[in-house]
RNA sequence: GUCCCCAUCGUCUAGCCUGGCCUAGGACACCGGCCUUUCACGUCGGCAACAGGGGUUCAAAUCCCCUUGGGGACGCCA
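What follows is the structure in structure tokens.
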């Protein structure tokens with residue numbers, strides 16, 4: 180029997196990185212074992228679920244590169260894959276549970292239960308259901324129904340304890356008196372998570388339930404339902420949570436934690452994929468930089484650790500920088516353009532003038548940034564001369580030889596439209612002789628004269644990618660500033 | 001509070017299951033050297049951890065127990 184796993188998000192917004200990692204582990208496990216990766220939409224919370232969120236989830240998943248084999252859009256033999264479309268199926272099993280004495284109708288009102296819970300808490304008792312409706316006689320039920328009360332359905336917990344066999348945590352024994360008879364269907368007929376998840380996982384023939392270990396506590400309830408319905412248990416694999424820097428469950432409080440935000444900030448999906456895979460999982464040889472296929476080939480559940488991992492933004496950023504440095508000119512260009520556009524650097528003027536050079540300009544910056552939001556600032560060396568010289572730049576221009584260097588360079592390029600790297604080399608060699616300067620006094624001065632900055636892209640790239648017209652303009656600005664400060 | 005999980009450098013982790021090879025390895029971050037016509041990249045080196053206490057054993061980071069610490073769950077959310 181082939182391996183079948185699922186990722187089952189509720190459509191309430193963008194995918195959180197924690198859930199993304201869960202999806203990733205499911206995906207990796209499926210791919211590694213030639214299994215099936217299923218996407219199921221858990222939209223039983225009518226209040227919060229939206230269709231729009233569903234599409235957002237599809238986008239997020241696709242961006243990360245997690246294509247599902249069965250689920251919405253692609254279909255499959257075990258659909259529908261949206262819980263709101265499976266209501267009839269749940270109904271069938273609810274009836275079965277009731278008729279076999281595993282579940283019963285509960286007429287208690289929300290307020291009533293809420294009050295009861297509060298009271299229990301105040302008295303220091305466990306806030307569990309008191310079983311009031313467990314043994315209602317049929318006359319009473321009919322009377323309550325006739326009075327218009329819609330009952331919820333509760334599962335009758337008879338066992339004293341439930342053993343959860345978990346692949347990662349091992350055997351965990353849960354006493355059932357910590358939760359009591361729990362609701363499996365709401366008064367409006369919509370099943371609750373703990374019930375729907377069991378029916379779906381069973382009917383979809385899920386072999387391994389890989390999910391966050393915040394679900395470990397729910398598992399005994401689910402096992403009770405599996406057993407009552409005579410369903411075969413899947414293998415439970417509860418993976419550790421991802422924590423924020425303060426070691427609490429990673430959430431919005433910790434900054435950008437939804438997947439799309441990383442995309443917007445200029446992270447590459449391959450970096451995200453690689454980084455997420457390394458949270459509570461590691462390759463046998465401790466290798467860290469790995470592509471998708473390599474991670475798939477190396478992935479095994481037994482190398483997932485038991486302890487939770489803190490999300491290290493700095494390391495992710497480093498890794499992203501690493502991946503950026505591997506990008507070829509075309510990909511770098513297409514990834515970068517949206518960020519340059521957004522920063523307002525791609526004016527029509529600039530594009531008309533430098534159309535063919537823009538990919539090279541971006542490429543010249545490839546080693547100097549780690550996320551794309553950092554690129555526009557760097558790219559400005561090509562769009563403008565920085566007139567706000569810093570102290571170091573001023574010092575450079577104040578050198579007694581600087582005026583001669585800039586003027587010599589200006590003279591040498593005058594009349595050309597562009598200069599080549601060769602010409603640049605020649606010119607600087609000549610200036611070295613004629614003015615008698617070298618090193619910093621030559622190249623750094625030139626850099627300041629052309630950009631107004633003391634750092635940035637390689638000088639030879641800047642002077643060959645920019646038109647001579649622009650270079651002259653910039654040099655004149657520098658010369659002017661020089662005359663003012665000297 | 002109750003139940004459950006977890007515990008190696010600041011962080012991600014290797015090693016743990018199948019004790020000796022661990023003087024505890026790698027990576028990020030940080031610090032320093034080198035490379036260099038800048039900043040980076042790269043490279044070399046440094047800093048830095050087995051939570052504590054009991055056992056078991058010739059031998060424990062590795063096995064057992066307790067303590068402590070951290071996290072999670074206690075919903076007609078998922």
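Numbering (my numbering), first residue to last: 180 to 665. Where is the CB? At the ideal position from N, CA and C, for every residue including glycine.
When C-beta atoms of the region 536-546 are compared with those of the region 637-644, three or more pairs fall below 8 Å, so the two segments count as touching. Look at residue 362 here: in three-state DSSP terms it is strand. Residue 568 places its beta carbon 8 Å or farther from that of residue 197.
In the three-state reduction of the DSSP assignment, residue 481 falls in the helix class, which pools H, G and I. A straight-line Cα-Cα distance of about 7 Å links residue 245 and residue 203.
Looking at the DSSP output, residue 460 bridges to 483. Shown here for residue 656: same chain residues with a beta carbon closer than 8 Å to its own, the five before and five after excluded, namely 564, 566 and 631 in chain order.
Beta-bridge analysis with DSSP links residue 538 to no other residue.
Beta-bridge analysis with DSSP links residue 250 to 254. When secondary structure is reduced to three states using DSSP, residue 649 falls in the helix class.
Residue 316 and residue 213 have their alpha carbons spaced roughly 53 Å apart. In the DSSP assignment, residue 403 falls within the alpha helix (DSSP H) that extends over 398-407. As computed with DSSP, residue 215 is found in a beta bridge with 183. Of the candidates 441, 523, 207 and 497, 441 places its Cα closest to the Cα of residue 194. DSSP places residue 510 in the helix class (H, G or I) of the three-state scheme. Within the same chain, and ignoring the five residues on either side of residue 578 in sequence, the residues whose Cβ sits closer than 7 Å to its Cβ are 620 and 624. Proximity to residue 511 across 549, 559, 479 and 337 peaks at 549, based on C-alpha coordinates.
Judged by their CB atoms, residue 184 and residue 387 are nearer to each other than the 8 Å cut-off. According to DSSP, residue pairing for residue 344 in a beta bridge involves 350. Between residue 453 and residue 420 a beta carbon distance of about 20 Å is seen, past the 8 Å cut, so the two are scored as non-contacting. Taking a cut-off of 8 Å for Cβ pairs, the region 373-385 and the region 251-265 touch, as three or more such pairs fall below it. Sixteen is the threshold: when 16 or more other Cβ atoms of the shown chains lie within 10 Å of the Cβ of residue 660, as they do, the residue is buried. For residue 331, the enclosing beta strand (DSSP E) begins and ends at 331-334. The closest CA to that of residue 287, considering only 536, 301, 320 and 446, is found on 320. Rounded to whole angstroms, residue 595 and residue 606 show a C-alpha spacing of 13 Å. A direct Cα-Cα distance of roughly 13 Å separates residue 242 from residue 445. Within its own chain, the residues whose Cβ lies closer than 7 Å to the Cβ of residue 635, once the five positions on either side in sequence are excluded, are 557 and 560, listed in chain order. With a threshold of 16 other beta carbon atoms within 10 Å, residue 300 falls short and is exposed.
In the DSSP assignment, residue 284 is bridged to 332.
In the structure shown, residue 417 falls within a strand segment according to DSSP collapsed to helix, strand and coil.
Going by beta carbons, residue 361 and residue 333 fall inside the 8 Å limit.
DSSP links residue 220 through a beta bridge to 261. Beta-bridge analysis with DSSP links residue 615 to no other residue. Between the alpha carbons of residue 311 and residue 285 lies a distance of about 8 Å. Residue pairing from DSSP places residue 370 in a beta bridge opposite 364. Runs of the alpha helix (DSSP H) lying entirely within the region 571-622 and spanning at least 4 residues, in chain order: 581-592 and 600-614.
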